[in-house]
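Data block below; observations after.
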Amino acid sequence: KEFEKYTFPSENVQEALQNTVWMQMDLTDNTPERQAVFDKFDVLGLPTILFFDNEGNELKRARVTGFMKADAFAAHVNSSVNSGASR
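The letter at position 63 of the sequence shown is residue 63 when you use UniProt numbering, and the numbering goes up by one with no holes.
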């Protein structure tokens, strides 16, 4: 919820994410489906944000676990996703 309230609305963040496609999953319930997602993507905590390239490979250096303020998140996206940084 903090990302949605404080980070994603930022103009800097919106600009950094302009070439991405977003998918959001609510993984707060303790269900077998949630655990399967945690296991498949090695999620250690919430919130976790994953970035993938055009072939569906995770950009591991871009992964975010835990809250980030808007300016820090925008800088992270620009340096780890938009710069063409590799896995």
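We treat Cβ as the ideally placed atom computed from N, Cα and C, and that holds for glycine.
- Secondary structure within the UniProt domain "Thioredoxin-like fold" (2-76): the alpha helix (DSSP H) runs of 4 or more consecutive residues, fully enclosed, are 11-16 and 32-41 (chain order).
- Annotation for GLN14: PHE8 place their beta carbon closer than 8 angstroms to its own, counting only its chain and skipping 5 residues before and after.
- Nearest in C-alpha terms to ALA62, of all of MET68, PHE51, GLY45 and LEU46, is PHE51.
- Distance from the CA atom of TYR6 to the CA atom of ASP42, rounded to whole angstroms, is 26 angstroms.
- The closest CA to that of VAL64, considering only GLU11, MET23 and SER80, is found on SER80.
- Non-local C-beta neighbours of ALA70 in its own chain, meaning closer than 7 angstroms and more than five positions away in sequence, comprise TYR6, THR7, SER10, ASN12 and VAL13, ordered along the chain.
- SER83 sits in coil when the DSSP states are folded into three classes, being neither helix nor strand.
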